[in-house]
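Scroll down for the structure; my scribbles are underneath it.
Written as C-alpha coordinates, this is what we have:
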(Lines of atoms letter the chains of each structure in order from A and count residues from 1; the text may use other names and numbers.)
(Lines give C-alpha, C1' and ligand atoms only; values in the text may rest on other atoms or scores of the structure.)
Protein backbone atom coordinates (compact mmCIF):
# COMPACT_ATOMS: atom_id res chain seq x y z
CA UNK A 1 0.00 0.00 0.00
CA UNK A 2 1.32 3.42 -1.02
CA UNK A 3 1.87 5.75 1.84
CA UNK A 4 0.17 9.18 1.53
CA UNK A 5 2.30 12.01 2.74
CA UNK A 6 0.20 14.90 4.09
CA UNK A 7 0.90 18.38 2.60
CA UNK A 8 2.02 21.15 4.87
CA UNK A 9 -0.79 23.39 6.21
CA UNK A 10 0.92 26.47 4.72
CA UNK A 11 0.05 25.32 1.20
CA UNK A 12 -3.66 25.27 2.02
CA UNK A 13 -3.40 28.73 3.66
CA UNK A 14 -2.39 30.24 0.31
CA UNK A 15 -5.72 29.27 -1.33
CA UNK A 16 -7.98 31.78 0.52
CA UNK A 17 -5.45 34.53 -0.17
CA UNK A 18 -5.45 33.68 -3.87
CA UNK A 19 -9.25 33.58 -4.04
CA UNK A 20 -9.44 36.93 -2.22
CA UNK A 21 -7.03 38.54 -4.67
CA UNK A 22 -8.97 37.11 -7.60
CA UNK A 23 -12.26 38.48 -6.23
CA UNK A 24 -10.69 41.90 -5.68
CA UNK A 25 -9.33 41.90 -9.24
CA UNK A 26 -12.72 40.97 -10.75
CA UNK A 27 -14.50 43.58 -8.60
CA UNK A 28 -12.01 46.26 -9.66
CA UNK A 29 -12.57 45.47 -13.34
CA UNK A 30 -16.34 45.66 -12.78
CA UNK A 31 -16.10 49.04 -11.03
CA UNK A 32 -13.88 50.45 -13.79
CA UNK A 33 -16.35 49.32 -16.44
CA UNK A 34 -19.27 50.72 -14.45
CA UNK A 35 -17.59 54.11 -14.02
CA UNK A 36 -16.69 54.17 -17.70
CA UNK A 37 -20.27 53.45 -18.76
CA UNK A 38 -21.62 55.99 -16.26
CA UNK A 39 -19.20 58.65 -17.51
CA UNK A 40 -20.15 57.98 -21.10
CA UNK A 41 -23.83 58.19 -20.19
CA UNK A 42 -23.28 61.41 -18.21
CA UNK A 43 -21.41 62.94 -21.12
CA UNK A 44 -24.20 61.92 -23.46
CA UNK A 45 -26.85 63.24 -21.09
CA UNK A 46 -24.99 66.50 -20.68
CA UNK A 47 -24.70 66.84 -24.42
CA UNK A 48 -28.37 66.03 -24.89
CA UNK A 49 -29.38 68.31 -22.06
CA UNK A 50 -27.40 71.34 -23.12
CA UNK A 51 -29.51 74.45 -23.65
CA UNK A 52 -26.91 75.69 -26.14
CA UNK A 53 -27.40 72.64 -28.37
CA UNK A 54 -30.19 74.23 -30.38
CA UNK A 55 -31.76 73.44 -33.75
CA UNK A 56 -33.71 76.32 -35.30
CA UNK A 57 -36.79 75.60 -37.39
CA UNK A 58 -38.77 78.21 -39.31
CA UNK A 59 -42.47 77.41 -39.16
CA UNK A 60 -43.99 76.78 -42.58
CA UNK A 61 -47.50 77.06 -43.96
CA UNK A 62 -49.89 74.40 -42.57
CA UNK A 63 -47.45 73.48 -39.77
CA UNK A 64 -49.02 72.61 -36.41
CA UNK A 65 -47.51 72.06 -32.99
CA UNK A 66 -48.46 68.38 -33.20
CA UNK A 67 -46.79 67.99 -36.59
CA UNK A 68 -43.62 69.77 -35.48
CA UNK A 69 -43.42 67.72 -32.27
CA UNK A 70 -43.71 64.43 -34.16
CA UNK A 71 -41.09 65.54 -36.66
CA UNK A 72 -38.43 66.84 -34.28
CA UNK A 73 -39.04 65.68 -30.70
CA UNK A 74 -37.77 62.38 -29.29
CA UNK A 75 -40.97 62.30 -27.24
CA UNK A 76 -43.75 64.26 -29.02
CA UNK A 77 -45.70 64.35 -25.76
CA UNK A 78 -43.18 66.87 -24.37
CA UNK A 79 -44.56 69.65 -26.58
CA UNK A 80 -45.33 71.77 -23.49
CA UNK A 81 -41.60 71.89 -22.72
CA UNK A 82 -40.95 73.08 -26.28
CA UNK A 83 -43.45 75.93 -25.80
CA UNK A 84 -41.89 76.87 -22.46
CA UNK A 85 -38.37 76.86 -23.93
CA UNK A 86 -39.52 79.28 -26.66
CA UNK A 87 -41.54 81.40 -24.19
CA UNK A 88 -44.74 80.88 -26.18
CA UNK A 89 -47.79 80.83 -23.88
CA UNK A 90 -50.30 79.44 -26.37
CA UNK A 91 -49.97 76.83 -29.17
CA UNK A 92 -52.20 78.99 -31.40
CA UNK A 93 -49.42 81.60 -31.53
CA UNK A 94 -47.20 79.26 -33.55
CA UNK A 95 -47.68 80.76 -36.99
CA UNK A 96 -45.96 80.68 -40.34
CA UNK A 97 -42.72 82.65 -40.36
CA UNK A 98 -41.68 82.42 -36.71
CA UNK A 99 -38.54 80.51 -35.71
CA UNK A 100 -38.76 77.75 -33.11
CA UNK A 101 -35.66 76.76 -31.14
CA UNK A 102 -35.54 73.01 -30.49
CA UNK A 103 -33.02 72.14 -27.73
CA UNK A 104 -30.95 68.96 -27.73
CA UNK A 105 -32.59 67.48 -24.64
CA UNK A 106 -35.92 67.36 -26.49
CA UNK A 107 -34.76 66.73 -30.04
CA UNK A 108 -34.41 63.46 -31.92
CA UNK A 109 -30.83 62.20 -32.21
CA UNK A 110 -31.14 62.19 -35.99
CA UNK A 111 -31.66 65.98 -36.06
CA UNK A 112 -28.34 67.89 -36.03
CA UNK A 113 -27.81 70.96 -33.86
CA UNK A 114 -26.73 73.18 -36.73
CA UNK A 115 -28.38 72.47 -40.09
CA UNK A 116 -26.36 73.15 -43.21
CA UNK A 117 -27.22 76.57 -44.63
CA UNK A 118 -26.38 77.77 -48.09
CA UNK A 119 -26.75 81.42 -47.08
CA UNK A 120 -25.49 82.60 -43.71
CA UNK A 121 -27.79 85.57 -43.25
CA UNK A 122 -29.30 86.01 -39.79
CA UNK A 123 -33.00 86.84 -39.84
CA UNK A 124 -34.79 88.61 -37.03
CA UNK A 125 -37.46 86.65 -35.23
CA UNK A 126 -40.99 88.09 -35.63
CA UNK A 127 -42.34 89.95 -32.61
CA UNK A 128 -46.03 90.01 -33.46
CA UNK A 129 -48.63 88.59 -35.82
CA UNK A 130 -51.72 90.02 -37.52
CA UNK A 131 -54.77 88.09 -36.30
CA UNK A 132 -57.25 89.85 -38.55
CA UNK A 133 -57.24 92.80 -40.96
CA UNK A 134 -60.10 95.00 -42.12
CA UNK A 135 -59.66 97.35 -45.08
CA UNK A 136 -56.19 98.56 -46.05
CA UNK A 137 -53.35 97.97 -43.61
CA UNK A 138 -49.69 98.38 -44.58
CA UNK A 139 -46.23 97.89 -43.10
CA UNK A 140 -42.84 99.46 -43.77
CA UNK A 141 -39.31 98.61 -42.68
CA UNK A 142 -37.76 101.91 -43.80
CA UNK A 143 -40.42 104.55 -43.05
CA UNK A 144 -39.03 107.86 -41.77
CA UNK A 145 -41.68 109.81 -39.83
CA UNK A 146 -39.65 113.02 -40.09
CA UNK A 147 -39.65 113.01 -43.90
CA UNK A 148 -42.59 110.58 -44.45
CA UNK A 149 -40.33 108.73 -46.92
CA UNK A 150 -40.46 104.95 -47.08
CA UNK A 151 -41.86 101.96 -48.94
CA UNK A 152 -45.16 100.50 -47.75
CA UNK A 153 -46.57 97.06 -48.53
CA UNK A 154 -50.12 95.88 -47.96
CA UNK A 155 -50.50 93.13 -45.37
CA UNK A 156 -53.09 90.44 -44.69
CA UNK A 157 -54.04 88.06 -41.89
CA UNK A 158 -51.11 86.08 -40.41
CA UNK A 159 -48.55 88.69 -41.51
CA UNK A 160 -45.70 88.95 -39.00
CA UNK A 161 -44.05 92.11 -37.68
CA UNK A 162 -40.44 92.69 -36.64
CA UNK A 163 -39.00 95.11 -34.11
CA UNK A 164 -38.85 98.67 -35.53
CA UNK A 165 -41.28 97.80 -38.32
CA UNK A 166 -43.90 100.48 -38.95
CA UNK A 167 -47.62 99.73 -39.32
CA UNK A 168 -50.37 101.99 -40.61
CA UNK A 169 -54.10 101.70 -41.14
CA UNK A 170 -55.92 103.65 -43.82
CA UNK A 171 -59.39 105.23 -43.68
CA UNK A 172 -62.17 102.83 -42.56
CA UNK A 173 -59.54 100.17 -41.80
CA UNK A 174 -58.37 98.40 -38.65
CA UNK A 175 -55.89 95.79 -37.47
CA UNK A 176 -55.87 93.28 -34.63
CA UNK A 177 -52.42 91.97 -33.78
CA UNK A 178 -50.75 90.22 -30.85
CA UNK A 179 -47.24 89.74 -29.53
CA UNK A 180 -46.18 86.15 -30.18
CA UNK A 181 -44.44 85.44 -26.87
CA UNK A 182 -46.66 87.32 -24.41
CA UNK A 183 -50.07 87.21 -26.10
CA UNK A 184 -50.61 90.95 -25.46
CA UNK A 185 -53.16 92.04 -28.06
CA UNK A 186 -53.97 95.34 -29.79
CA UNK A 187 -56.91 96.74 -31.73
CA UNK A 188 -55.52 99.46 -34.02
CA UNK A 189 -58.13 101.90 -35.33
CA UNK A 190 -58.30 103.72 -38.66
CA UNK A 191 -55.73 106.31 -39.73
CA UNK A 192 -53.11 105.16 -37.23
CA UNK A 193 -49.33 104.95 -37.55
CA UNK A 194 -47.28 102.95 -35.04
CA UNK A 195 -44.34 100.61 -34.66
CA UNK A 196 -43.00 97.95 -32.30
CA UNK A 197 -39.90 99.13 -30.45
CA UNK A 198 -37.48 97.51 -28.02
CA UNK A 199 -38.06 98.50 -24.39
CA UNK A 200 -34.37 97.83 -23.68
CA UNK A 201 -33.03 100.23 -26.30
CA UNK A 202 -35.48 103.11 -25.99
CA UNK A 203 -33.88 106.01 -24.13
CA UNK A 204 -37.23 107.44 -23.02
CA UNK A 205 -37.91 104.22 -21.07
CA UNK A 206 -34.52 104.07 -19.32
CA UNK A 207 -35.90 105.41 -16.03
CA UNK A 208 -38.43 102.54 -15.91
CA UNK A 209 -35.81 99.80 -16.32
CA UNK A 210 -35.77 98.61 -12.69
CA UNK A 211 -39.56 98.27 -12.63
CA UNK A 212 -39.88 96.38 -15.92
CA UNK A 213 -40.18 92.64 -16.54
CA UNK A 214 -37.47 91.05 -18.67
CA UNK A 215 -39.64 90.40 -21.74
CA UNK A 216 -41.57 93.69 -21.66
CA UNK A 217 -42.70 95.05 -25.02
CA UNK A 218 -43.19 98.59 -26.27
CA UNK A 219 -45.31 100.19 -28.99
CA UNK A 220 -44.75 103.68 -30.33
CA UNK A 221 -47.91 105.44 -31.52
CA UNK A 222 -46.97 108.25 -33.89
CA UNK A 223 -50.61 109.11 -34.59
CA UNK A 224 -54.03 107.50 -34.33
CA UNK A 225 -55.52 105.31 -31.62
CA UNK A 226 -55.59 101.79 -30.24
CA UNK A 227 -57.02 99.58 -27.54
CA UNK A 228 -54.95 96.93 -25.81
CA UNK A 229 -55.32 94.07 -23.35
CA UNK A 230 -52.60 92.71 -21.08
CA UNK A 231 -54.32 89.61 -19.76
CA UNK A 232 -52.42 88.88 -16.57
CA UNK A 233 -51.15 91.43 -14.10
CA UNK A 234 -47.54 90.92 -13.07
CA UNK A 235 -47.40 89.74 -9.45
CA UNK A 236 -44.33 91.86 -8.81
CA UNK A 237 -46.16 94.96 -10.06
CA UNK A 238 -43.66 95.46 -12.84
CA UNK A 239 -44.44 96.91 -16.25
CA UNK A 240 -45.17 94.37 -18.99
CA UNK A 241 -45.91 96.87 -21.77
CA UNK A 242 -45.21 100.49 -22.69
CA UNK A 243 -47.07 102.69 -25.15
CA UNK A 244 -45.03 105.71 -26.23
CA UNK A 245 -46.87 108.67 -27.78
CA UNK A 246 -45.46 112.02 -28.98
CA UNK A 247 -46.29 113.59 -25.59
CA UNK A 248 -46.44 110.79 -22.98
CA UNK A 249 -45.44 107.30 -21.89
CA UNK A 250 -48.02 104.77 -20.70
CA UNK A 251 -46.73 102.02 -18.40
CA UNK A 252 -48.91 98.90 -18.25
CA UNK A 253 -48.86 96.02 -15.76
CA UNK A 254 -52.07 94.11 -16.32
CA UNK A 255 -54.68 96.29 -17.92
CA UNK A 256 -57.35 96.80 -20.55
CA UNK A 257 -57.01 100.34 -21.85
CA UNK A 258 -57.00 102.73 -24.81
CA UNK A 259 -54.67 105.43 -26.12
CA UNK A 260 -55.92 108.14 -28.49
CA UNK A 261 -53.37 110.38 -30.23
CA UNK A 262 -55.50 111.44 -33.18
CA UNK A 263 -55.23 115.10 -32.10
CA UNK A 264 -51.73 116.51 -32.75
CA UNK A 265 -49.69 117.23 -29.60
CA UNK A 266 -52.25 115.59 -27.31
CA UNK A 267 -52.86 112.08 -25.99
CA UNK A 268 -55.95 110.77 -24.20
CA UNK A 269 -55.58 107.62 -22.09
CA UNK A 270 -58.35 105.57 -20.49
CA UNK A 271 -58.21 102.50 -18.24
CA UNK A 272 -61.09 99.99 -18.49
CA UNK A 273 -59.67 97.29 -16.20
CA UNK A 274 -56.58 96.94 -14.01
CA UNK A 275 -54.33 99.98 -13.66
CA UNK A 276 -51.68 101.95 -15.53
CA UNK A 277 -49.28 104.86 -15.11
CA UNK A 278 -49.02 107.85 -17.44
CA UNK A 279 -45.81 109.88 -17.43
CA UNK A 280 -44.90 113.23 -18.99
CA UNK A 281 -42.56 116.10 -18.08
CA UNK A 282 -41.08 114.09 -15.22
CA UNK A 283 -44.48 113.52 -13.56
CA UNK A 284 -46.16 110.10 -13.34
CA UNK A 285 -49.91 109.89 -12.70
CA UNK A 286 -51.54 106.64 -11.55
CA UNK A 287 -54.74 105.80 -13.44
CA UNK A 288 -57.01 103.13 -11.86
CA UNK A 289 -59.79 101.18 -13.57
CA UNK A 290 -62.68 103.35 -14.73
CA UNK A 291 -60.57 106.51 -14.96
CA UNK A 292 -58.75 108.40 -17.68
CA UNK A 293 -56.33 111.26 -18.18
CA UNK A 294 -55.04 113.50 -20.95
CA UNK A 295 -51.62 114.94 -21.75
CA UNK A 296 -50.79 117.97 -23.88
CA UNK A 297 -47.39 118.71 -25.34
CA UNK A 298 -45.05 120.25 -22.78
CA UNK A 299 -47.46 119.67 -19.88
CA UNK A 300 -47.78 117.10 -17.13
CA UNK A 301 -50.67 114.57 -17.18
CA UNK A 302 -54.03 115.89 -16.03
CA UNK A 303 -55.61 114.60 -12.82
CA UNK A 304 -57.48 111.36 -13.68
CA UNK A 305 -61.26 111.65 -13.94
CA UNK A 306 -63.97 108.95 -14.17
CA UNK A 307 -64.74 107.61 -17.63
CA UNK A 308 -68.37 108.20 -18.67
CA UNK A 309 -69.08 105.04 -20.62
CA UNK A 310 -66.75 102.71 -22.43
CA UNK A 311 -65.15 104.70 -25.23
CA UNK A 312 -65.44 103.16 -28.69
CA UNK A 313 -62.72 104.75 -30.82
CA UNK A 314 -63.51 104.92 -34.52
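Residue numbers (the working numbering): 351 to 664.
Note that the Cβ used here is the ideal one computed from N, Cα and C, for glycine as well.
As the structure is a computational prediction, the values presented were derived from the model and not from experiment.
The DSSP assignment places no complete run of the alpha helix (DSSP H) inside the segment 567-605 (cut-off: 4 residues). In the DSSP assignment, the residues bridged to residue 407 are 450. Put simply, of 576, 543, 530 and 517 the residue whose alpha carbon is nearest the alpha carbon of residue 618 is 576. Boundaries of the alpha helix (DSSP H) around residue 433: 429-435. The residue from 439, 509 and 595 with its alpha-carbon nearest to that of residue 411 is 509.
Membership of residue 418 in any beta strand (DSSP E) is not indicated; the residue belongs instead to the alpha helix (DSSP H) covering 415-422. Straight-line spacing of the CA atoms in residue 614 and residue 459 works out to 58 Å.
Within 10 angstroms of the beta-carbon of residue 656 lie fewer than 16 other beta-carbons, which makes it exposed. A check of alpha carbon separations from residue 545 across 580, 581, 487 and 565 identifies 487 as the nearest. Linking residue 427 to residue 571 through their CA atoms gives a straight-line distance of about 42 Å.
Non-local C-beta neighbours of residue 441 in its own chain, meaning closer than 6 Å and more than five positions away in sequence, comprise 415, ordered along the chain. In the structure shown, residue 608 falls within a strand segment according to DSSP collapsed to helix, strand and coil.
Excluding residues up to 5 positions away in sequence, 599 lie with their Cβ nearer than 6 Å to the Cβ of residue 629 in the same chain.
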